[in-house]
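S.K.: Below is one structure. I have some questions about it.
Here it is as C-alpha cells:
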C-alpha cells in the first residue's frame, strides 16, 4: 500500500475510513461469529481512537508494525502522519458490511462518507497478532457499483 498524505484525496478517504467507524450504522458481516465480532471490536477501537484524535493509541494498539512502517516511510512519526491526514476530516460515517475471517487474516468491507470527501467503498485488512486483531491495511479501493446498472450511451461512438 502506498500512502501519501498532503493533497491526496485517496489518503483523506483512507483516513476517513478510520474516523468514520464511530458514527456508523452497522449491519452484520460474515465469518466466524466470535472472530468476526473481535474484528468488529478492533474497528471500534480504531474508530474511538480516531474520534478522540488519540493517534498514540492507533499507532500503539490498533495498527500492525508493517502498517506503521508504511505510514512512516518518509521519516515522520506515526502520530504526526495521522494528525496531518485526519485534521480536516469532518462528520465521518461508515457502514461495515461483510466481514470475512480466514485463519489469522480478516477483511471488512466498509462504505465511508464524510463532509467534503468522495464516498468510497473499501476493504480494511486485519491480521491476528497473539489474541488481538490489528489493522494491517487501512483500505483497498473497491469498484463503485452503479445502482441503476450500466450507463447507456446516447449516439454513435466515435
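Numbering (the working numbering), first residue to last: 113 to 270. Even for Gly, the Cβ is constructed at its ideal location relative to N, Cα and C.
1. Whole angstroms are fine: how far does the CA of residue 230 sit from the CA of residue 247?
2. Would you tell me roughly how many angstroms separate the C-alpha atoms of residue 250 and residue 166, rounded to the nearest one?
3. Looking only at its chain, what residues have a beta carbon closer than 8 Å to the beta carbon of residue 176, apart from the 5 residues adjacent to it on each side?
4. Could you name each continuous alpha helix (DSSP H) segment of 4 residues or more that falls completely within the region 158 to 236, going from the start of the chain to the end?
5. How long is the line joining the alpha carbons of residue 162 and residue 185, rounded to whole angstroms?
6. Quick one: is residue 157 buried, meaning 16 or more other Cβ sit within 10 Å of its Cβ, or exposed?
7. Nearest-angstrom Cα distance between residue 179 and residue 207?
8. Would you mind stating whether residue 235 and residue 219 have Cβ atoms separated by less than 8 Å?
9. Taking the CB atoms as reference points, tell me whether residue 221 and residue 210 lie closer together than 8 Å.
10. Could you pull out every residue in the same chain whose Cβ sits closer than 8 Å to the Cβ of residue 174, ignoring the five residues on either side in sequence?
11. Measuring alpha carbon to alpha carbon, tell me which of 213, 228, 227, 226 ends up nearest residue 150.
M.R.: According to the structure shown:
1. Looking at the two C-alpha atoms, the distance is approximately 22 Å.
2. Those two C-alpha atoms are separated by around 17 Å.
3. Taken in chain order, the residues that qualify are 239, 241, 246, 247, 248.
4. As far as the region 158 to 236 is concerned, its whole alpha helix (DSSP H) runs of at least 4 residues are 177 to 183, 190 to 198.
5. Each residue's Cα considered, the two are about 21 Å apart.
6. Classification of residue 157: buried, given that the 10 Å Cβ count is 16 or more.
7. Whole-angstrom Cα-Cα distance: 23 Å.
8. Against a cut-off of 8 Å, the Cβ pair of residue 219 and residue 235 comes out as a contact.
9. In this structure, residue 210 lies closer than 8 Å to residue 221 by Cβ.
10. So the list reads 154, 157, 158, 161, 246, 247, once near-sequence residues are dropped.
11. Answer by Cα proximity: 213.
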